[in-house]
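In this note's numbering, the protein residues as written are 37 to 150.
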């Protein structure tokens with residue numbers, strides 16, 4: 037069993053920055069590939085960023101150059117640093133991993149609006 041708890045969402049103005057955190061349980065966190073997904077109103081959930089063991093990262097084209105995913109294996113935390121935020125980044129952001137099964141956090145809402 038893996039538990040994921042997100043934090044850090046909120047309201048931010050366009051062009052602003054926000055950092056999301058995901059705290060994970062599990063003894064083998066260092067070998068998990070961790071993802072951040074988001075789901076905007078009326079849209080499908082989409083992969084935003086991924087970090088594999090060894091800090092290999094992948095980003096959706098829409099966020100590349102603006103978002104940075106990182107992990108702290110000792111603290112079992114995955115962060116998503118978001119900069120130059122746009123209204124279209126408004127969504128509920130979810131932390132995810134797949135260890136034989138899919139595990140999702142409860143989500144944290146990000147609203148980009150003036």
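We put the CB at the ideal spot given by N, CA and C, even for glycine.
Treat the numbers as computed from the prediction; the structure is a model and nothing was measured.
On the premise that residue j lies in contact with residue i, defined as a C-beta separation below 8 Å, what is that separation, rounded to the nearest angstrom?
i, j, result
"residue 51", "residue 120", "6 Å"
"residue 68", "residue 135", "6 Å"
"residue 71", "residue 86", "5 Å"
"residue 55", "residue 125", "Incorrect: roughly 13 Å between the Cβ atoms, too far for contact."
State the start and end residues of the unbroken beta strand (DSSP E) segment that holds residue i.
i, result
"residue 66", "First-last for residue 66: undefined, no H or E at that position."
"residue 76", "No beta strand (DSSP E) holds residue 76; DSSP gives it neither H nor E."
Among all the DSSP beta bridges, which residues are the ones paired with residue i?
i, result
"residue 46", "146"
"residue 57", "43 and 115"
Comparing C-alpha positions only, which one of the options sits nearest to residue i?
i, options, result
"residue 128", "117, 42 and 60", "42"
"residue 141", "148, 75, 150 and 88", "75"
"residue 99", "138, 65, 123 and 78", "123"
Contained beta strand (DSSP E) runs [length at least 3] in the stretch 80-144, N- to C-terminal order: 82-88, 92-95, 103-108, 113-118, 127-135 and 137-140
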